[in-house]
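Visitor: Here it is, the structure, as structure tokens.
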Amino acid sequence: MDLTIFYPGASVRVKNPGDVYYGFRGQIQRMADGRAAVLFEGGNWDKLVTFRPEDLEPADAADL
Numbered sequence: 005m006d007l008t009i010f011y012p013g014a015s016v017r018v019k020n021p022g023d024v025y026y027g028f029r030g031q032i033q034r035m036a037d038g039r040a041a042v043l044f045e046g047g048n049w050d051k052l053v054t055f056r057p058e059d060l061e062p063a064d065a066a067d068l
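Each position in the sequence shown, counted from 1, maps to that position plus 4 in my numbering.
Okay, here's the thing in structure tokens:
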């Protein structure tokens, strides 16, 4: 079991290969009800998507 704790502002990467956002890197905006809201920013779009924490892994902020 992965015991990584994420805080708002943390850089994360989606590690679940079955997810549409697999490999995307974003930033935690909030944690609530056991889910993480991750903000993806890119080019001309921004998207806020919720994930289970076990579907995320820490990412290097330089990768964003």
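All C-beta atoms, glycine included, are put in the ideal place defined by N, C-alpha and C. Owing to the predicted nature of the structure, the values given are computational and were not obtained by experimental measurement.
Taking the beta strand (DSSP E) that Gly-38 falls in, what are its first and last residues?
Guide: Boundaries for Gly-38: no beta strand (DSSP E) harbours it, and the DSSP string shows neither H nor E there.
Visitor: Pull the bridge partners of Arg-17 from the DSSP assignment, please.
Guide: Arg-29 and Glu-61
Visitor: Looking at C-alpha atoms only, which residue of Phe-10, Ala-36, Gly-38 and Ile-32 is the closest neighbour of Phe-69?
Guide: Nothing in the structure corresponds to residue 69, since the chain is present only between 5 and 68.
Visitor: Let's see if you can read the secondary structure: which residues bound the beta strand (DSSP E) around Phe-55?
Guide: 49-55
Visitor: Compute the beta-carbon to beta-carbon distance between Gly-30 and Val-16, rounded to the nearest angstrom, for a pair I have assumed lies under 8 Å.
Guide: 6 Å
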